[in-house]
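Some notes on the structure that comes next.
2 protein chains.
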Amino acid sequence: MKQTLNLIKIGGNIIDDETKLNRFLKDFAQIPGPKILIHGGGKTVTQISGNLGLETTMVNGLRITDAETLRVVTMVYGGLINKTIVAKLQAEDCNAIGFTGADANLIPAAKRAAGKLDFGYAGDIIPGVIRGEKIAFFLDNCFVPVFAPLTHDKAGSLLNTNADTIASALAIALSGQYETKLYYCFEKNGVLTDLENEDSIIEELTLEKYRSLKHEGLIAKGMLPKLDNAFKALVAGVNSVVICHADAIGKMLIQDKKAGTELVKE
Amino acid sequence: MKQTLNLIKIGGNIIDDETKLNRFLKDFAQIPGPKILIHGGGKTVTQISGNLGLETTMVNGLRITDAETLRVVTMVYGGLINKTIVAKLQAEDCNAIGFTGADANLIPAAKRAAGKLDFGYAGDIIPGVIRGEKIAFFLDNCFVPVFAPLTHDKAGSLLNTNADTIASALAIALSGQYETKLYYCFEKNGVLTDLENEDSIIEELTLEKYRSLKHEGLIAKGMLPKLDNAFKALVAGVNSVVICHADAIGKMLIQDKKAGTELVKE
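Protein sequences appear in the order of chains A and B.
With the working numbering applied, the first sequence corresponds to residues 1 to 266, in that order.
With the working numbering applied, the second sequence corresponds to residues 267 to 532, in that order.
Here's what the structure looks like:
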């Protein structure tokens, strides 16, 4: 039987709030067995870009990353957020090690070709290109990888890559070696039928139901890339995918209780 | 016989100049055998601090690191400089992996106690606390560690630590496992008797001669912490310590020729 690997993605809303982040990291540190943390960006990049006089342009939730913005995301994602999380986890005796996709060439990617829109230094992960055994090496040696949302082109440039996509791609790449469980943590209790009602959680979401809710416009726009990545992982062999509140991670992975929305194939 | 480990420290002057940095990294990538790169900070922190409206206070070449400045050094050292170097080395097929002292708890340190002056989040490495075998693990698995000048207090906070000190402490910690050779690379040809004359290199500098030159005020002030760290390494068992120009690293470590100033005990 394969060992279980928990991959947990946390988004900007938790990162931006030190109390929430500390609470989450305390829980994360206690999760037994091999685990990986993937973090998003939060508002700091936009703030610091503004302070440095750079304009932020977002298209469908994606940041246009020109050369100057790449410097800022490298600083904030790869430095400030990633290393702050690593230091906090080390204080909890969790043997964290911070990575971008450039480190040890763990996540090579391709710079997105400019079409109607030029996203600049945005990186797309080529399916099948992440070598799971390279990441398993760190897990087998009891390290806890913490990934920043940055990849590289193997030609000397870092690239800005969506953290949801990185989480999904890592879970897929490691599903050969492990029983992989992927958790997308954010500030809501799960996928909700009514955004105003935190109790309106869809406990099980099938791909079919997702397509129909999407078609009817009943899924919040910001959830679409997350759910697309989440279903992609499930279809590609990841054993379990859950969308949940960051506060629920301890309940689920330490106390072994249910929470959030579980995605199911059929 | 022990295997040779080359530890190379590069300073701000090389980091601030992309052409010089690229040339150095191309040479560094070709050095055979286990190796470690330690980088300093450069002017970017002062520039970005300025753009963010923070004042920079330096005392004897040391930066006063308040909470806001710690955020900036974490961004710039741990993110921008470290990950840019890692991505460039990966493009040269050098299997670089970027570290701060918090990653895998490689360099725990103590926050400097406030005396007459409060240096803020400055970290001093406690002698004997770096476990060489933890770093040797990465070297044995063919990774090339790239260290940013950051340590941590194992209580959740990163700390700003001088890169020369980190280089010296790493070389000492690894001198049990390896024949350690430490190179301090900068923009001069070595320790000079006349700062205006790049040919006035002291080829061999004994501790005694250093003390007498220091006493006579004939060593440039900026060189003192570097040389103090360098001699500390030599006395503590590092096999060879050289102060040289960044351009000379290929000549020395690929072509096996002499350059710079070699420190000698007697």
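Virtual Cβ for every residue (Gly too), placed ideally from N, Cα, C.
Range covered by the beta strand (DSSP E) that runs through residue i
i, result
"Lys265/A", "Taken as a continuous stretch (DSSP letters only), Lys265/A belongs to no beta strand (DSSP E), as it is neither H nor E."
"Ser240/A", "Ser240 to His245"
"Leu424/B", "Leu424 to Asn426"
"Phe385/B", "Careful: Phe385/B lies outside any beta strand (DSSP E) and carries neither H nor E."
"Thr180/A", "Glu179 to Phe186"
"Ala96/A", "Ala96 to Phe99"
"Val352/B", "Unbroken run through Val352/B is the alpha helix (DSSP H), Asn348 to Ala357; no beta strand (DSSP E)."
"Phe413/B", "Val410 to Phe413"
"Thr417/B", "Leu416 to His418"
Nearest-angstrom Cα separation, counted from residue j out to residue i
i, j, result
"Gly316/B", "Glu284/B", "21 Å"
"Leu21/A", "Phe28/A", "10 Å"
"Leu205/A", "Val264/A", "6 Å"
"Ile280/B", "Asn13/A", "38 Å"
"Val76/A", "Leu70/A", "10 Å"
"Ile31/A", "Asp124/A", "30 Å"
"Thr312/B", "Ile515/B", "28 Å"
"Ile276/B", "Leu383/B", "28 Å"
"Glu528/B", "Lys492/B", "13 Å"
"Met518/B", "Val412/B", "20 Å"
"Gly367/B", "His481/B", "34 Å"
"Thr65/A", "Gly79/A", "17 Å"
"Val235/A", "Val352/B", "33 Å"
"Phe385/B", "Glu474/B", "31 Å"
"Ile304/B", "Cys360/B", "15 Å"
"Leu170/A", "Gly42/A", "21 Å"
"Leu89/A", "Lys524/B", "45 Å"
"Val144/A", "Leu448/B", "30 Å"
"Asn189/A", "Cys244/A", "5 Å"
"Glu179/A", "Pro34/A", "11 Å"
"Ala376/B", "Ala220/A", "47 Å"
"Met58/A", "Thr161/A", "14 Å"
"Tyr450/B", "Ala148/A", "31 Å"
"Thr44/A", "Val73/A", "9 Å"
"Asn348/B", "Leu213/A", "44 Å"
"Asn229/A", "Lys26/A", "27 Å"
"Cys408/B", "Leu195/A", "50 Å"
"Ala379/B", "Gly503/B", "28 Å"
"Asn197/A", "Thr350/B", "44 Å"
"Val508/B", "Glu187/A", "54 Å"
Endpoints, the alpha helix (DSSP H) within which residue i is located
i, result
"Gly278/B", "Gly278 to Ile281"
"Ile432/B", "Ala429 to Leu440"
"Pro491/B", "Met489 to Val501"
"Glu28/A", "Residue identity check: residue 28/A is Phe in the sequence provided, not Glu. Glu18 to Gln30 is the span of the alpha helix (DSSP H), which, as asked, contains Phe28/A."
"Gly250/A", "Ile249 to Leu253"
"Glu470/B", "No alpha helix (DSSP H) contains Glu470/B, which is instead part of the beta strand (DSSP E) from Glu470 to Thr472."
"Lys301/B", "Element bounds for Lys301/B: not the alpha helix (DSSP H) but the beta strand (DSSP E), Lys301 to His305."
"Thr312/B", "Thr310 to Asn317"
"Leu192/A", "Premise fails: Leu192/A is in no alpha helix (DSSP H) and is neither H nor E."
"Val338/B", "Ala333 to Val339"
"Leu139/A", "Gly132 to Asp140"
Contact set between residue i and chain B, taken where Cβ atoms lie within less than 7 Å
i, result
"Arg71/A", "Leu346"
"Ser157/A", "Ala353"
"Thr19/A", "Residues of chain B passing the Cβ test: none, with the nearest at roughly 14 Å."
Any non-hydrogen atom of the ligand PLP within 8 Å of residue i CB
i, result
"Pro149/A", "As far as ligands go, the structure on display features none, and thus does not contain the ligand PLP."
Contact set between residue i and chain A, taken where Cβ atoms lie within less than 7 Å
i, result
"Ile363/B", "Asp103 and Ala104"
"Phe290/B", "Those do not exist, as Phe290/B stays about 14 Å from chain A at its closest Cβ, beyond 7 Å."
"Thr366/B", "Lys83"
Residue i: contacting residues in chain A (beta-carbon distance under 8 Å)
i, result
"Lys420/B", "Gln90 and Ala91"
"Leu416/B", "Lys83"
Amino acids of chain B, ordered along the chain, whose beta-carbon sits closer than 8 Å to that of residue i
i, result
"Asn51/A", "Asn317, Leu318 and Gly319"
Cross-chain neighbours of residue i in chain B, by beta carbon under 9 Å
i, result
"Val45/A", "The contacting residues do not exist; Val45/A stays about 10 Å from chain B at best."
"Met1/A", "Residues of chain B passing the Cβ test: none, with the nearest at roughly 27 Å."
"Val76/A", "Met341 and Gly345"
Subject >> Meets three-Cβ-pair contact criterion under 8 Å: the segment 43-57 of chain A and the segment 313-332 of chain B >> reply: yes
**OP:** Determine, using beta-carbon pairs with one atom in the segment 124-141 of chain A and one in the segment 99-110 of chain A, whether at least three such pairs fall under 8 Å.
**Re:** yes
Subject >> Cβ-based contacts, 8 Å cut-off: residues of the segment 390-409 of chain B near chain A >> reply: Phe403, Asn407 and Phe409
Subject >> Near-chain A residues of the segment 507-523 of chain B - C-beta to any C-beta below 7 Å >> reply: So nothing in the stretch comes that close.
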